[in-house]
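Numbering follows numbering that gives the first Met the number 0, with no gaps: position 261 of the sequence shown is 260.
We treat Cβ as the ideally placed atom computed from N, Cα and C, and that holds for glycine.
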Amino acid sequence: MRTPRQWASYLFTRAGIIFMQVLAALPLGLVRAMGKALGWFLYFVVVSRRRVVQTNLLLCFPEHSDEERQALARQTFIYFAQAWLDRAWLWHASPERVRQRVQLTGAVEELGGKEPTVFFLPHFFGMDAAWVAVVLRSPPRQSTTIYTDQSNKLVDRWILRGRQRFGYLRLFGRIDGVKPIVSALREGQPLYLLPDMDFGPEDSVFVPFFGMQAATVPSLPRFARLGRAKVVPLLSRLTATGYEVEVLPAWQDYPSDDLVADAALMNQRLEGYIRTMPSQYYWVHKRFKSRPEGETSVY
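Below, the structure written as structure tokens:
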């Protein structure tokens, strides 16, 4: 039996999901305008997270002026809010409308065939559109990804339904371990991997990211090696008409026999991708939360 607090949380969450379902029918321009207003609101109200963004930008872009970094921070919150509201139409609008708004470009030939593939999907705000773009424009086949359960079970079910709406996406929890994921890879099921967050010092290596030592899980080279798979980056970008998802050519001579060097190379290449659209990266995350022994917190 739910407590009053649990009932309040349930009703608030249910109302939020209904709001997103209604939002799906609105014109994109109106949804984006609402996202911009929400982004400004969050920038001024959520002070603790604004400080995280500002710290990340100061560490990663010291060559920028204070005014340039503040502009990046404000735009980061706007893109964050717009991408969140865009999930309304990504997960609830008609497939035809979604197809019109999500474009796939670049080395689309990498999507064909049955060669084991790990898609490197960095945390740009349009990451949910990347999976949709691929499955709507490539032959149907089962794919896999790693998913972390949400504490709010109603939100958890809503996110899972949204991400499994198109195609055949199989979700593994981190507690499932490596073996089932590697087996799926070798069977030809592409793996969508988002390894560019700070998951703590355990199972991570400290390698440079924008000149800072960052705890980085070497899961990308590890799964590529164990699955005998190629690595194909997917870069998602918010545009005025929706999203553009660019497929980059598969990385050559990757992975090597050195997981640390491979993790460092992943971060180095990710830096280049971020510099093309710095305000669309997930700076709201405490990317440098874990510090090498002897270093103090930067937050």
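| Item | Value |
| --- | --- |
| State the CB to CB distance for the pair Y191 and F124, rounded to an integer number of angstroms; the pair is presumed to be in contact (CB under 8 Å). | Actually they are not in contact, since the Cβ atoms of Y191 and F124 sit about 16 Å apart, beyond 8 Å. |
| Please determine if the region 275 to 295 and the region 35 to 51 are in contact, where contact requires at least 3 C-beta pairs separated by less than 8 Å. | yes |
| At what residues does the beta strand (DSSP E) containing F287 begin and finish? | F287 -> no beta strand (DSSP E), and no H or E assigned at all. |
| Distance check for L110 and P248, CA to CA, integer angstroms please. | 10 Å |
| Rank P217, P277, D252, R290 by C-alpha distance to the C-alpha of A263 and give the top, closest one. | P217 |
| Express the C-alpha separation of P26 and R162 in angstroms, rounding to a whole number. | 22 Å |
| According to the Cβ coordinates, are V181 and A132 closer than 7 Å? | no |
| When you compare only the Cα positions, how much space is there between W157 and I16? | 8 Å |
| Quick check: the region 265 to 281 against the region 69 to 80, are there 3 or more CB pairs under 8 Å? | yes |
| Our contact map puts A106 next to S235 with C-beta atoms below 8 Å; I'd like the distance itself, whole angstroms only. | No, A106 and S235 are not in contact; Cβ-Cβ is about 15 Å, not under 8 Å. |
| For P232, does the three-state DSSP call read helix, strand or coil? | strand |
| Kindly indicate which three-state DSSP category Q251 falls into: helix, strand or coil? | coil |
| Please classify D148: is it buried, with 16 or more other beta-carbons within 10 angstroms of its beta-carbon, or exposed? | exposed |
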